[in-house]
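Single-structure report; data block below.
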Amino acid sequence: MTKASPITTPAPSPTARRDEPRNSPGLMLALLGHEAMRRLRDAHTAHGLTPRQFHILGLLHDRGPLAQTELAAETDTAASVLVTQLNPLEAEGLVTRTRDAHDRRRHVVVLTADGTQRLRAATAAQHEVEDGLFRSLGDSQRAELTHLLMRVRDDLTDGEEHCATPSSLDRTSR
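The opening residue of the sequence shown carries number 31 in my numbering; numbering runs sequentially from there.
The following block contains the structure:
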């Protein structure tokens, strides 16, 4: 008795799969982005931060003290909205705001030791979420995905005036 060979279906070509509306790269990115943002928001809020506040603390950690106007520009946030983000951070002792000694109109925002500690905890939670999101990818695939996403992001920010930032992501539906 001879064994029948298994029936195999050839994998659809990347073009054929892309032609299916549900496999559109843009749609998949949007849907995955929505789910990723939901999970990241949960990780950040578990540590008492919004994604925007997490971004603010991260900028202060990476760049050091910044003037409020620089922080507003860097986060693509109106000055009045930035104040509503900084007030609770300052009340919790995560940042301080002081007048610049050389320019009394300028307020400098500084990350405190408590802010650094909170940022570390929220960053660890964020890494756990990312590990879950990308668990099916190997290290090299994850690095390649990061590279490709950065390339798309950089291309968008070069060609358009606005690209998604943590401030715009706070406004997404929950």
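Using N, Cα and C, we set each Cβ at its ideal position, and we do this for glycine too.
1. Taking the alpha-carbon positions, what's the A121 to V113 distance?
2. Would you mind working out which of A97, I86, P81 sits nearest H132, comparing C-alpha positions?
3. Alpha carbon to alpha carbon, how far is R82 from A102? Give it in angstroms, no decimals.
4. Say whether the stretch 144 to 163 touches the stretch 61 to 73, bearing in mind that this needs 3 or more beta-carbon pairs closer than 8 Å, one atom from each stretch.
5. Measure the CB-CB distance between R148 and L124 and report whether it falls below 8 Å.
6. Opposite V140 in the DSSP bridges: which residues?
7. In the DSSP assignment, the alpha helix (DSSP H) including A103 goes from what residue to what residue?
8. Is V140 buried or exposed, if buried means 16 or more other CB atoms sit within 10 Å of its CB?
9. Out of H64, A60, T146, R52, state which residue places its alpha-carbon closest to the alpha-carbon of L119.
10. Tell me which residue opens and which closes the alpha helix (DSSP H) that H85 is part of.
11. In angstroms with no decimal places, state the Cα-to-Cα distance between R172 and T142.
12. Is G162 helix, strand or coil by DSSP?
13. If you count every other CB in all the chains shown that lies within 10 Å of the CB of T187, and 16 or more means buried, which is it?
14. For H192, name the three-state secondary structure that DSSP assigns.
15. Am I right that R150 and H137 are in contact with their C-beta atoms under 8 Å? What's the rounded C-beta distance?
Answer, in terms of the structure:
1. Taking the straight line from one Cα to the other gives about 12 Å.
2. Of A97, I86, P81, the residue nearest in Cα terms is A97.
3. Rounded to the nearest whole angstrom, the C-alpha separation of A102 and R82 is 11 Å.
4. Enough Cβ pairs lie closer than 8 Å, so yes.
5. For R148 and L124, yes; Cβs fall inside 8 Å.
6. DSSP, once it has assigned bridges, lists T126 as partnering V140.
7. 98 to 104 is the span of the alpha helix (DSSP H), which, as asked, contains A103.
8. Exposed: under 16 other Cβ atoms inside 10 Å.
9. Per the Cα distances, T146.
10. Bounds of the alpha helix (DSSP H) holding H85 are 81 to 93.
11. About 33 Å.
12. G162 falls in the helix class under three-state DSSP.
13. The residue is exposed, with fewer than 16 neighbouring Cβ atoms inside 10 Å.
14. Unreliable placement is indicated for H192, whose pLDDT of 47 sits below 50; the coordinate value is still reported in the next sentence. Annotated three-state conformation of H192 is coil, per DSSP.
15. The Cβ separation is near 25 Å, so there is no contact.
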